[in-house]
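So for the sequence shown, the working numbering puts the first residue at 39; every next one is plus one. Just so it is clear, CB atoms sit at the ideal spot from N, CA and C, and this is done for glycine as well. In this text the structure is predicted, and so the values were computed from the model without any measurement. Just below is one structure, and these are the notes that go with it.
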Amino acid sequence: MNKKIIEKKPDTKAICDGIRRRIEQGSLLPGERLPAERELAEVIGVGRAAVQNAYNKLRDEGYLTKRKGFGTFVSRTEENRMNFEFLSQTGNSGITAMLNNYNVSTSNKVFSQGITTERFFTHKLGIPEKSDVFFLHRVRYGDGEPLIVEYTYLPAEEFPGVDKVDFSKVSLYDYMDAKGRMPVLFNEKLMTIDAPVHEAKLLGVNAGTPLYYVEFICFDKNRKIVEYTESYARSDRFQLNFTNRV
């Protein structure tokens, strides 16, 4: 970013006007990172409080967004959001395809995986209590930006050796397809929630930021449950579209 963004007296209003004008003219692009408050204050010769107040005002107006630990960015407009309906239509299998459809390069970071016997997950998967359940917890990235946190659970008996697979490099659904257990039917529940502290940190947003929360119960071609997943998706990067049919 060209840091000489203020043409008039560099008070809070001038800082707001300068940044707002550059966003509206397109010289600051959606997703572009702004200088840190202290850095910009030094460049334009004002106190940090003036820049901080300007950034806060522009966030309130929807021009900027702050991602904890990452900085302040130009907000993405409706046109820059991906259609979350793709997930609703095709279930969890559509996430990678959806991102690729928007020419977004994908990557995954696995932060936990293993075996559990928790009753909640055996119940969700419709298997006997104390059965082994494989869990896979990961962050899904688009162009290096964290977009979705997923908690996935599979009946371990149906996938021997699954806990030895490196799912940061192997596609989960390619693996399930190779085992003949590809999900083809999805029961889903979607709601908006305030970002919990842990998920907010993983997604680089503030706790309490609105997220889409989706639960998937997925069935294979034999109508047997093969997956239960909970997803937390950033609402500033996705939108919901609906089509009514009569």
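Residue state for Asp232 is assigned as strand, using DSSP reduced to three classes. The DSSP-derived three-state label of Arg58 is helix. The beta carbon of Tyr266 lies closer than 6 Å to those of Lys162, Leu163, Tyr191, Ile255 in the same chain, with the five residues before and after it left out.
Non-local beta-carbon contacts of Arg272 in its own chain, meaning distances under 7 Å to residues more than five positions away in sequence, involve Leu185, Leu241, Val243, Leu249 in chain order.
Excluding sequence positions up to five before and after Arg157, its CB lies within less than 7 Å of the CB of Glu167, all in the same chain and listed in chain order. In the structure shown, the three-state DSSP call for Asn225 is strand.
Per DSSP, the continuous beta strand (DSSP E) segment holding Val264 begins and ends at 263 to 272. Shown here, Thr247 sits in coil according to DSSP, grouped into three states, outside any helix or strand. Close CB contacts of Asp258 within its chain, under the 7 Å cut and outside five residues either way in sequence, are with Arg219, Met220, Pro221, Val222, Val264 (chain order). Inclusion of Glu77 and Gln90 in the CB contact set at 8 Å is not warranted, their separation being larger than that value.
By the C-beta density criterion, Leu67 is exposed, having fewer than 16 other C-beta atoms within 10 angstroms.
Uninterrupted beta strand (DSSP E) stretches at least 3 residues long and entirely within the stretch 173 to 200 occur at 183 to 193, given in chain order.
Bounds of the alpha helix (DSSP H) holding Phe158 are 157 to 163.
Each of Cys54, Ser269, Ser65 was checked against the Cα of Leu228, and the nearest Cα belongs to Ser269. Our two residues, Ala245 and Pro234, have alpha carbons roughly 6 Å apart in a direct line. Pairing Phe172 with Phe197 gives a Cβ-Cβ distance under 8 Å.
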